[in-house]
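For reference, the structure is listed below as C-alpha cells.
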Amino acid sequence: MAVIITDLCINCAACIDECPVEAIVDEDDNPTGEECYYVYPDKCVECVGYHDTPACAEACPTEGCITWDMPFTSEHKDFFSGANYVGGHNYGVEDADAEMPFRKEVSMDDRQARKPVIED
597 MAVIITDLCI
607 NCAACIDECP
617 VEAIVDEDDN
627 PTGEECYYVY
637 PDKCVECVGY
647 HDTPACAEAC
657 PTEGCITWDM
667 PFTSEHKDFF
677 SGANYVGGHN
687 YGVEDADAEM
697 PFRKEVSMDD
707 RQARKPVIED
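Under this note's numbering, read the sequence shown as residues 597 to 716, first letter to last.
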C-alpha cells in the first residue's frame, strides 16, 4: 500500500484532490466499512515520480492522520490479508507480483509501526 488513512480522518477531501493516481476513495466507497477515506494498496505509489513526499499527507489538515504502511509487493502480500491488515480486512493480493513504487528510504520498522508520514 504505502500509506493508510487512519480513523483520525475528518472526511474533508483534501487528499483525494491531490492523489496523482486516484488511489483514494471517500468513506462511502471504503471497502472496510469504516467512516474515513481509504487508500487502495494496489494503486498507491507514495507519489514516487510525482512529488517529493506523498501529496495526500501534505494536503491533510489533520496531524498524524496519514501513516506509512508496508509496500504493496509480492514480498509483503501476507501483510495485506486477514488479521494482519486494517480492521482484519482481507485485501486480494494474489496478483501482486509487480512491485509498486515505494519510498525505500522509509524503514520497514516505521512502516510496521504505522508512523505518520508527516511528523512535526
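Idealized CB from N, CA, C, for every residue including glycine.
When the beta-carbon positions are compared, M666 and R699 stay at least 8 Å from each other. In the DSSP assignment, I600 falls within the beta strand (DSSP E) that extends over V599 to I601. Between the alpha carbons of D716 and E654 lies a gap of roughly 12 Å. A distance below 8 Å separates the beta carbons of V621 and Y634. Rounded to whole angstroms, the gap between the alpha carbons of M696 and P637 is 9 Å.
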